[in-house]
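Heads up: the structure comes next, in structure tokens.
2 protein chains.
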Amino acid sequence: MVLKSKNASKPGSPPPKSGPETAVYQRQTRLQHAQERAQDYVEAIAELIAGCGEARATDLAKSLGVTHVTVIRTVQRLQREGLVTTQPYRSIFLTDSGRTLAGKARARHEKVVTFLEALGVAKSTARADAEGIEHHVSDETLKAMEKFLRSSRKGSGKPTRTY
Amino acid sequence: MVLKSKNASKPGSPPPKSGPETAVYQRQTRLQHAQERAQDYVEAIAELIAGCGEARATDLAKSLGVTHVTVIRTVQRLQREGLVTTQPYRSIFLTDSGRTLAGKARARHEKVVTFLEALGVAKSTARADAEGIEHHVSDETLKAMEKFLRSSRKGSGKPTRTY
DNA sequence: GCCGCATTGTAGCGCATGCTACAATATGGT
DNA sequence: ACCATATTGTAGCATGCGCTACAATGCGGC
Ligand SMILES: [Mn+2]
Ligand SMILES: [Mn+2]
Ligand SMILES: [Mn+2]
Ligand SMILES: [Mn+2]
Chain A
75 MVLKSKNASK PGSPPPKSGP ETAVYQRQTR LQHAQERAQD YVEAIAELIA GCGEARATDL
135 AKSLGVTHVT VIRTVQRLQR EGLVTTQPYR SIFLTDSGRT LAGKARARHE KVVTFLEALG
195 VAKSTARADA EGIEHHVSDE TLKAMEKFLR SSRKGSGKPT RTY
Chain B
75 MVLKSKNASK PGSPPPKSGP ETAVYQRQTR LQHAQERAQD YVEAIAELIA GCGEARATDL
135 AKSLGVTHVT VIRTVQRLQR EGLVTTQPYR SIFLTDSGRT LAGKARARHE KVVTFLEALG
195 VAKSTARADA EGIEHHVSDE TLKAMEKFLR SSRKGSGKPT RTY
């Protein structure tokens with residue numbers, strides 16, 4: 075790297091140069107974060123419904139580590155976006171759209187955790203990292219992870235004993 | 075999963091149940107996002123300085139895919155946090171702290187890209203995914219990725235390119 | 001030196017996430 | 001039925017990330 079060491083210290087030299095296309099991968103931060111949050115919410119809601127029979131705002135708040143106020147506000151947004159339905163003083167339900175998203179999020183989440191563990195990461199670390207990584211794994215990368223899992227399962231326990 | 079299939083459809087049954095500890099991995103979303111943004115900024119600033127000799131707000135804006143206004147505001151925050159220094163109508167400089175962070179971010183970024191490519195992901199996909207994944211990879215996971223890279227380079231005599 | 005244009009900065013908006021404090025409703029135990 | 005308590009909802013605040021529109025400054029060509 076640093077092929078341009080010549081002008082690396084000449085302040086008034088070249089124009090942009092290092093990034094008309096890098097911007098492609100940087101755009102849309104805000105919407106991206108909102109989508110991540112939506113995924114975590116519907117996933118948690120689905121989990122509560124599966125585990126408790128219903129998703130209450132309070133339990134969701136505990137599950138997500140935020141206050142119930144934050145939950146209620148965000149759930150309002152999710153309802154606006156057609157992912158959940160709510161009625162005053164009642165529990166939260168997923169729409170078809172929300173259920174679909176939750177399913178994808180959950181599948182992705184689990185695959186990432188499994189992959190990280192197979193890579194040799196401690197379970198608690200895998201779970202922690204997956205919580206963030208899951209939102210940035212493309213379908214292509216997910217497939218590559220699955221492929222790795224298949225091959226690493228075949229090759230007995232330790233696939234990388236090349237040491 | 076779903077050991078509690080009994081009450082899985084009985085709305086008024088069990089309390090929280092599925093998440094007093096899952097919350098640990100969910101907290102702090104907002105600060106987390108701000109930190110991610112800071113990492114991307116100092117990394118981009120360092121890159122511009124290395125490539126152009128200086129980091130101008132406009133170029134940074136192009137590189138990050140946002141308007142110059144957004145850049146200026148965020149840079150103000152970074153200055154407040156001691157990562158950069160600026161003077162009116164002059165380019166942006168990294169503090170020691172900022173340079174350190176940029177170095178770590180860059181190293182992490184590249185390792186993640188390399189890892190994804192080694193996993194069999196297309197270069198453009200690897201770069202796109204890495205842009206988000208990089209912020210959620212713990213040191214432990216990073217080490218696991220490095221280990222995988224070492225073993226995979228030995229195994230298949232393919233990439234490597236050690237001169 | 002002057003002026004036009006690029007760059008930088010400011011004002012003000014929208015939206016999302018988080019919070020505390022307080023109000024309203026629901027629910028369960030007696 | 002009744003009231004204490006839990007749950008849900010509202011009001012208002014703060015911060016961060018985007019944006020457009022417009023103002024101020026800087027700079028390079030003439
Ligand atoms: Mn998840
Ligand atoms: Mn998550
Ligand atoms: Mn990066
Ligand atoms: Mn990034």
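Those protein sequence lines, which keep their order, are chains A and B. Each position in the first sequence, counted from 1, maps to that position plus 74 in the working numbering. Each position in the second sequence, counted from 1, maps to that position plus 74 in the working numbering. Note that CB positions come from ideal geometry on N, CA and C, so glycine has one too.
Check	Outcome
Rounded straight-line distance, which links the Cα of Leu105 (chain A) to that of Glu184 (chain B)	25 Å
Option in A:Gly156, A:Pro162, A:Met219 with minimal Cα separation from Ser171 (chain A)	A:Gly156
One or two residues paired with Ile166 (chain A) in a DSSP bridge	A:Ala129
Candidates B:Ile166, B:Leu190, B:Ala181, B:Thr141: closest to Gly127 (chain B) by CA position	B:Ile166
Test item: CB-CB of Lys136 (chain A) and Ala97 (chain B) under 8 Å	yes
Proximity below 8 Å, CB of Gln100 (chain B) to CB of Glu205 (chain A)	yes
Burial state of Glu220 (chain A), where buried means 16 or more other Cβ atoms lie within 10 Å	exposed
Thr159 (chain B) - DSSP class collapsed to helix/strand/coil	strand
Own chain partners of Gln153 (chain B) with C-beta closer than 8 Å, once the 5 adjacent residues on each side are dropped	Thr159, Thr160
First through last residue of the alpha helix (DSSP H) which encompasses Glu205 (chain B)	197-207
Buried or exposed (CB count within 10 angstroms, at least 16 for buried), Val143 (chain B)	exposed
Beta carbon proximity, Phe222 (chain A) to chain B, threshold 8 Å	yes
Three-state secondary structure (DSSP) of Pro85 (chain B)	Unreliable placement is indicated for Pro85 (chain B), whose pLDDT of 47 sits below 50; no coordinate value is reported for it.
Neighbouring residues, chain B, relative to Leu168 (chain A) (Cβ below 9 Å)	Per Cβ cutoff of 9 Å: no residues; Leu168 (chain A) is ~14 Å from chain B at best.
Residue-chain proximity (Tyr99 (chain A), chain B), Cβ-Cβ < 8 Å	yes
Beta carbon proximity, Ala218 (chain B) to chain A, threshold 8 Å	yes
CB contact check: Arg235 (chain B) to chain A, cutoff 8 Å	Model confidence at Arg235 (chain B) stands at a pLDDT of 46, short of 50, so the residue's coordinates are unreliable and nothing is read from them.
Nearest neighbour of Glu121 (chain A), chosen from A:Gly139, A:Ala176, A:Val145 [CA to CA]	A:Ala176
Nearest neighbour of Thr169 (chain A), chosen from A:Glu110, A:Ala192, A:Glu117, A:Thr132 [CA to CA]	A:Glu117
Alpha-carbon to alpha-carbon, Ser226 (chain A) and His107 (chain A)	33 Å
Span of the alpha helix (DSSP H), counted from its first residue to its last, around Gln153 (chain B)	142-154
Proximal chain A residues relative to Leu138 (chain B), where beta-carbon distance stays under 7 Å	Ala97, Gln100
C-beta atoms of Phe222 (chain B) and Leu193 (chain A) nearer than 8 Å	yes
Proximal residues, the stretch 196-207 of chain B versus chain A, C-beta separation under 7 Å	Ala196, Thr199, Arg201, Ala202, Asp203, Glu205, Gly206, Ile207
Arg147 (chain A) to Lys228 (chain B) span [Cα, whole Å]	52 Å
Cα-Cα separation between Ala181 (chain A) and Pro162 (chain B), rounded to whole angstroms	50 Å
Local conformation of Gln100 (chain A) per DSSP, three classes	coil
Heavy atoms of ligand 2 versus C-beta positions, residues under 5 Å	A:Asp114, A:Glu205
Interface flag, Glu214 (chain B) vs chain A, CB-CB below 8 Å	yes
Neighbourhood of Glu191 (chain A) by C-beta, 7 Å cutoff - its chain only, sequence neighbours within 5 removed	Lys197, Ala200
Where the stretch 144-165 of chain A meets chain B: residues whose CB sits under 8 Å from a CB there	Ser165
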